[in-house]
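**Q**
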Amino acid sequence: MAEYRVQDLAAELSAAERALRAIPPLTERFPDMSMETAYQVQLMNVETKRQAGDRIVGHKIGLTSKPMQQMLGVSEPDFGHLFASMQYQSGDVVDFPLIQPKVEPELAFLLAEDLPGPNVDVYAVLRATRAVVPAIEVIDSRIADWQIRLADTIADNASAGCFVLGDEPTPIGQANLTTCGAVLKINGEVAETGAGAAVMGHPAAAVAWLANRLSSLGTTLRAGDIVLSGAVSAAVPVCAGDHILLSFGRLGRVELTMAK
Amino acid sequence: MNLQAIADELYRHQISATELEKLTVRYDGLSVDDAYEIQQICMSQYMNAGQKLVGWKMGLTSKAKQRSVGVEEPIFGHLLDGMELYEPHVSLTGLIHPRVEPELAFIFKHRLEGDRILPRDVWLATECVVPAVEIIDSRYKNFSFTLVDVVADNASSAKFYLAEQAYAPYQIALDQVGVVMRRNGEVVQTGAGAAVLGHPVRSVVEQVRMLSRIGKAVEPGMVVLTGGITEAIYIHDRDQISVSFEGMGEIELSVGQ
Numbered sequence: 001m002a003e004y005r006v007q008d009l010a011a012e013l014s015a016a017e018r019a020l021r022a023i024p025p026l027t028e029r030f031p032d033m034s035m036e037t038a039y040q041v042q043l044m045n046v047e048t049k050r051q052a053g054d055r056i057v058g059h060k061i062g063l064t065s066k067p068m069q070q071m072l073g074v075s076e077p078d079f080g081h082l083f084a085s086m087q088y089q090s091g092d093v094v095d096f097p098l099i100q101p102k103v104e105p106e107l108a109f110l111l112a113e114d115l116p117g118p119n120v121d122v123y124a125v126l127r128a129t130r131a132v133v134p135a136i137e138v139i140d141s142r143i144a145d146w147q148i149r150l151a152d153t154i155a156d157n158a159s160a161g162c163f164v165l166g167d168e169p170t171p172i173g174q175a176n177l178t179t180c181g182a183v184l185k186i187n188g189e190v191a192e193t194g195a196g197a198a199v200m201g202h203p204a205a206a207v208a209w210l211a212n213r214l215s216s217l218g219t220t221l222r223a224g225d226i227v228l229s230g231a232v233s234a235a236v237p238v239c240a241g242d243h244i245l246l247s248f249g250r251l252g253r254v255e256l257t258m259a260k
Numbered sequence: 261m262n263l264q265a266i267a268d269e270l271y272r273h274q275i276s277a278t279e280l281e282k283l284t285v286r287y288d289g290l291s292v293d294d295a296y297e298i299q300q301i302c303m304s305q306y307m308n309a310g311q312k313l314v315g316w317k318m319g320l321t322s323k324a325k326q327r328s329v330g331v332e333e334p335i336f337g338h339l340l341d342g343m344e345l346y347e348p349h350v351s352l353t354g355l356i357h358p359r360v361e362p363e364l365a366f367i368f369k370h371r372l373e374g375d376r377i378l379p380r381d382v383w384l385a386t387e388c389v390v391p392a393v394e395i396i397d398s399r400y401k402n403f404s405f406t407l408v409d410v411v412a413d414n415a416s417s418a419k420f421y422l423a424e425q426a427y428a429p430y431q432i433a434l435d436q437v438g439v440v441m442r443r444n445g446e447v448v449q450t451g452a453g454a455a456v457l458g459h460p461v462r463s464v465v466e467q468v469r470m471l472s473r474i475g476k477a478v479e480p481g482m483v484v485l486t487g488g489i490t491e492a493i494y495i496h497d498r499d500q501i502s503v504s505f506e507g508m509g510e511i512e513l514s515v516g517q
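First to last, the protein sequences are chains W and G.
Under the working numbering, residues 1 to 260 are what the first sequence spells out, in order.
Under the working numbering, residues 261 to 517 are what the second sequence spells out, in order.
Structural data, given as structure tokens:
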């Protein structure tokens with residue numbers, strides 16, 4: 001695919017995000033768009049945001065569950081970039097501009113050390129991690145009605161919206177990452193439950209995948225980075241005014257209210 | 261309507277493990293109360309043949325499942341001693357299209373009855389809590405049914421297994437217990453206790469309340485299976501199902517012919 005197309009697609013997505021108006025799937029026009037091209041589109045918009053003064057604070061991993069991968073016909077996850085402007089604190093009213101938001105319960109990894117790939121495994125991730133903390137990721141799609149294929153979501157920053165971290169990170173050595181139970185409540189009613197192992201069998205396996213994938217692109221996870229490791233349940237659509245509470249048992253809790 | 265005849269028919273299909281058409285497409289006007297009556301008659305036939313009532317099971321305890329059947333409340337069924345597995349091995353013989361789901365079981369030391377009980381009444385009556393797996397198996401074609409059908413069919417009960425280790429009900433927040441179900445090593449379902457009516461103790465409250473309508477109770481020594489914490493998954497010959505309960509150990513269930 002020619003360079004000008006990558007630029008055009010990036011510009012279209014960027015305009016859709018600013019105008020809060022979803023566009024038809026890119027893959028409708030370019031059914032053969034490769035993963036590499038899609039990441040180029042993503043990186044171009046990442047660069048645009050950086051130049052506008054936003055700061056990268058970490059990454060998010062998507063498509064970490066078998067059902068999601070099967071739905072999109074892929075065998076590996078994808079990733080997007082997290083910016084300072086996307087981050088909220090637990091308890092906040094989230095006024096981030098969104099088109100068709102959904103929420104996902106996740107565990108966020110807070111890195112204490114760089115994690116250069118390749119050959120990063122679960123143990124390397126655990127060694128490099130300071131703490132984990134429950135996170136609600138608010139995902140959003142600039143593609144109309146979430147009719148995404150793999151290249152659409154990758155180009156669209158892995159459908160990132162914004163995110164909220166809990167207030168009390170748990171040191172990694174004290175956290176049980178596979179059977180830890182997550183309960184997601186919307187306006188007081190249980191909407192989804194899950195456990196850490198829903199993320200590729202072990203959330204740290206997803207972080208390891210990311211470290212290795214980034215190394216193939218010539219970049220590295222850095223000390224201080226936040227990594228949203230992937231959803232432990234299906235995503236749940238939310239509306240203005242909804243109150244969302246994620247309780248992760250001994251790993252703590254996090255909540256937010258969607259602005260009206 | 262001849263509920264006895266319908267119960268006889270269901271009983272024959274249950275013991276011969278053969279599918280049947282939904283009752284609701286063949287009989288007009290069956291009510292939920294009729295369905296519980298059919299269940300009752302059907303279970304009496306097992307008990308007349310020597311089986312013992314060992315407890316109760318709750319079904320449709322998640323909002324998702326209630327929506328899929330179009331109801332607002334859970335259902336219950338009988339647990340008989342013939343349904344209980346003594347080892348964590350289930351044989352497909354005698355089952356139609358079995359599925360397995362992880363649950364938490366309560367075991368009682370005191371009687372619980374009435375329509376005005378609270379969680380604290382349940383705790384006072386509870387001896388212990390035990391991780392469990394339930395094998396459900398609808399007798400209806402394609403595992404497809406309405407509320408009336410599934411109630412008549414004893415809430416799809418087939419087999420159940422309780423883990424060896426029991427736990428005091430006070431040390432663990434049962435709504436927060438994470439559950440991971442793997443089939444042949446691969447994670448296939450995860451969930452947490454809150455999937456069951458927000459908290460499994462609520463399921464026991466509902467169970468007792470529903471029993472009180474038909475003049476029955478949870479008796480000392482009985483088990484209550486509180487409801488699936490995840491979706492049920494189909495099982496096949498030589499599957500190895502492992503279920504981890506956060507802080508409550510694991511169940512390794514093998515499947516054979």
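Backbone N, C-alpha and C fix where the C-beta goes; we use that ideal spot for every residue, glycine too.
(1) Applying the criterion that 16 or more other CB atoms from any shown protein chain within 10 Å of the CB defines a buried residue, is M71/W buried or exposed?
(2) Quick one: measure Cβ to Cβ for P134/W and G224/W, integer angstroms, because I've assumed they're closer than 8 Å.
(3) Return the residues of the region 241 to 254 of chain W that lie within a Cβ-Cβ distance of less than 9 Å from chain G, sorted by chain order.
(4) Would you list the residues sitting across from E106/W in a DSSP beta bridge?
(5) List the whole-angstrom C-beta distance separating G487/G from V456/G, where the pair is believed to meet the contact cut-off of C-beta under 8 Å.
(6) Taking just the CA atoms, how far does G438/G sit from D8/W?
(7) What number of angstroms, rounded off, separates the C-alpha of S416/G from the C-alpha of V164/W?
(8) May I ask you to list the residues that DSSP assigns as paired with L245/W?
(9) Of all the CB atoms in chain W, is at least one closer than 7 Å to the CB of A365/G?
(10) How about T450/G: is its C-beta nearer than 7 Å to some C-beta of chain W?
(11) Report the start-end ranges of each alpha helix (DSSP H) in the region 277 to 319 of chain G that is 4 residues or longer and not cut off at the edges.
(12) The beta strand (DSSP E) with K49/W in it runs from where to where?
(13) How would you label K282/G, buried or exposed, when you count the other beta carbons within 10 angstroms and need 16 or more for buried?
(14) Between V236/W and I186/W, which are expected to be in contact by the criterion C-beta below 8 Å, what is the C-beta distance as a whole number of angstroms?
(15) Applying a beta-carbon distance threshold of less than 9 Å, which residues of chain G neighbour N176/W?
(16) What is the rounded straight-line gap between the Cα of I511/G and the Cα of G354/G?
(17) Nearest to P101/W by alpha carbon, out of F248/W, R250/W, V254/W, D242/W?
(18) Under the assumption that V331/G contacts V382/G (Cβ atoms under 8 Å), give the Cβ distance between them as a whole number of angstroms.
(19) Quick one: list the residues of chain G neighbouring C180/W, beta-carbon separation under 7 Å, in chain order.
(20) Please report the distance separating the alpha-carbon of S463/G from that of G173/W.
(21) What does G173/W touch in chain G if you count any residue whose Cβ is under 7 Å from its own?
(22) Helix or strand or just coil, what does DSSP make of E12/W?
(23) I need the DSSP call for F30/W, collapsed to helix, strand or coil.
(24) Between the C-alpha atoms of G194/W and T278/G, what's the straight-line distance to the nearest angstrom?
(25) If we ignore side chains and look at the alpha-carbon of each, how far apart do F30/W and T64/W end up?
(26) Just to check my reading of the structure: F420/G and E394/G have Cβ atoms closer than 8 Å, yes? What is that Cβ distance to the nearest angstrom?
(27) S90/W by DSSP, collapsed to three states: which one?
(28) State the start and end residues of the unbroken beta strand (DSSP E) segment that holds D78/W.
(29) State the Cα-Cα distance for the pair R359/G and P169/W, rounded to the nearest angstrom.
(30) When DSSP labels each residue in this structure, what does L20/W get in the three-state scheme?
(31) Excluding five sequence neighbours on each side, which residues of the same chain lie with their C-beta closer than 8 Å to the C-beta of Y287/G?
(32) Measuring alpha carbon to alpha carbon, tell me which of L280/G, S398/G, L313/G ends up nearest A492/G.
(33) Measuring alpha carbon to alpha carbon, tell me which of H59/W, A234/W, S215/W, L245/W ends up nearest F108/W.
(34) Note down, in chain order, each residue of its chain lying with its Cβ closer than 6 Å to the Cβ of D121/W, except the 5 sequence neighbours on either side.
(35) How would you call V440/G, buried or exposed, if buried means at least 16 neighbouring beta carbons within 10 angstroms?
**A** So, to answer that:
(1) In the first sequence, counting from the first residue as 1, residue 71/W sits at position 71. M71/W comes out exposed.
(2) Here residue 134/W refers to the residue found at position 134 when the first sequence is read from its first residue. Here residue 224/W refers to the residue found at position 224 when the first sequence is read from its first residue. In fact, because the Cβ distance is near 19 Å, the residues do not count as touching under 8 Å.
(3) Contact residues of the region 241 to 254 of chain W toward chain G are S247, F248, G249, R250 (C-beta to C-beta distance below 9 Å).
(4) For the purposes of this step, residue 106/W is identified with residue 106 of the first sequence, where counting begins at 1. DSSP, once it has assigned bridges, lists A135/W, A231/W as partnering E106/W.
(5) Residue mapping note: residue 487/G aligns to position 227 of the second sequence, counting from 1. Residue mapping note: residue 456/G aligns to position 196 of the second sequence, counting from 1. Between the beta-carbon of G487/G and that of V456/G there is about 4 Å, and that keeps the pair under the 8 Å contact cut.
(6) Locating residue 8/W in the first sequence gives position 8, where the first residue counts as 1. Locating residue 438/G in the second sequence gives position 178, where the first residue counts as 1. The straight-line gap from Cα to Cα measures roughly 45 Å.
(7) The count along the second sequence starts at 1 and reaches residue 416/G at position 156. The count along the first sequence starts at 1 and reaches residue 164/W at position 164. In a straight line, the C-alpha of S416/G is about 41 Å away from that of V164/W.
(8) Within the first sequence, numbered from 1, the residue matching residue 245/W stands at position 245. Beta-bridge pairing by DSSP links L245/W to K185/W, E255/W.
(9) On the second sequence, position 105 is the one that residue 365/G refers to. When Cβ-Cβ separations below 7 Å define contact, A365/G makes no contact with chain W.
(10) What you label residue 450/G is simply residue 190 of the second sequence in a count that begins at 1. Taking Cβ atoms only, chain W reaches closer than 7 Å to T450/G, which makes this a yes.
(11) Qualifying alpha helix (DSSP H) stretches, in chain order: 292 to 308.
(12) Taking the first sequence and counting its residues from 1, one reaches residue 49/W at position 49. Element bounds for K49/W: not the beta strand (DSSP E) but the alpha helix (DSSP H), 35 to 51.
(13) Here residue 282/G refers to the residue found at position 22 when the second sequence is read from its first residue. Per the 10 Å Cβ criterion, buried.
(14) Taking the first residue of the first sequence as position 1, residue 236/W is located at position 236. Taking the first residue of the first sequence as position 1, residue 186/W is located at position 186. Right, the Cβ-Cβ distance comes to about 6 Å (below 8 Å), so this counts as a contact.
(15) Taking the first residue of the first sequence as 1, we reach residue 176/W at position 176. Near N176/W (Cβ distances below 9 Å), the residues of chain G are G438, E506, G507.
(16) On the second sequence, position 251 is the one that residue 511/G refers to. On the second sequence, position 94 is the one that residue 354/G refers to. If you draw a straight line from the Cα of I511/G to the Cα of G354/G, it comes to about 22 Å.
(17) Counted from its first residue, the first sequence places residue 101/W at position 101. With distances taken between Cα atoms, P101/W lies closest to D242/W.
(18) For the purposes of this step, residue 331/G is taken as the residue at position 71 of the second sequence. For the purposes of this step, residue 382/G is taken as the residue at position 122 of the second sequence. Contact doesn't hold; Cβ gap of about 23 Å is too wide.
(19) Taking the first residue of the first sequence as 1, we reach residue 180/W at position 180. Per Cβ cutoff of 7 Å: G438, E506.
(20) Indexing the second sequence from 1 puts residue 463/G at position 203. Indexing the first sequence from 1 puts residue 173/W at position 173. Their backbone Cα atoms lie some 35 Å apart in a straight line.
(21) By 1-based counting over the first sequence, the position of residue 173/W is 173. In chain order: nothing, as chain G lies at least about 17 Å away.
(22) To locate residue 12/W, count along the first sequence from 1; it is residue 12. It is helical.
(23) What you label residue 30/W is simply residue 30 of the first sequence in a count that begins at 1. For F30/W, the three-state secondary structure derived from DSSP is coil.
(24) As a working note, residue 194/W is residue 194 in the first sequence. As a working note, residue 278/G is residue 18 in the second sequence. Rounded to whole angstroms, G194/W to T278/G spans 34 Å at the Cα level.
(25) To locate residue 30/W, count along the first sequence from 1; it is residue 30. To locate residue 64/W, count along the first sequence from 1; it is residue 64. Looking at the two C-alpha atoms, the distance is approximately 25 Å.
(26) As a first step, residue 420/G is located in the second sequence; it is residue number 160 there, counting from the start. As a first step, residue 394/G is located in the second sequence; it is residue number 134 there, counting from the start. The Cβ separation is near 5 Å, so the contact holds.
(27) Position 90 of the first sequence holds residue 90/W. The DSSP-derived three-state label of S90/W is coil.
(28) Counted from its first residue, the first sequence places residue 78/W at position 78. For D78/W, the enclosing beta strand (DSSP E) covers residues 78 to 83.
(29) By 1-based counting over the second sequence, the position of residue 359/G is 99. By 1-based counting over the first sequence, the position of residue 169/W is 169. The straight-line gap from Cα to Cα measures roughly 38 Å.
(30) By 1-based counting over the first sequence, the position of residue 20/W is 20. Coil.
(31) Translated into the one-based positions of the second sequence, residue 287/G becomes position 27. Cβ neighbours of Y287/G within its own chain (closer than 8 Å, five residues either side excluded): M261, I266.
(32) Sequence index remark: in the second sequence, residue 492/G carries index 232 (1-based). For the residues L280/G, S398/G, L313/G, the minimum Cα distance to A492/G belongs to S398/G.
(33) The residue you call residue 108/W lines up with position 108 of the first sequence. For the record, residue 108/W in the displayed sequence is Ala; it is not Phe. Considering only alpha carbons, the answer is H59/W.
(34) Indexing the first sequence from 1 puts residue 121/W at position 121. Excluding residues up to 5 positions away in sequence, A208 lie with their Cβ nearer than 6 Å to the Cβ of D121/W in the same chain.
(35) The residue you call residue 440/G lines up with position 180 of the second sequence. With 16 or more other Cβ atoms within 10 Å, it is buried.
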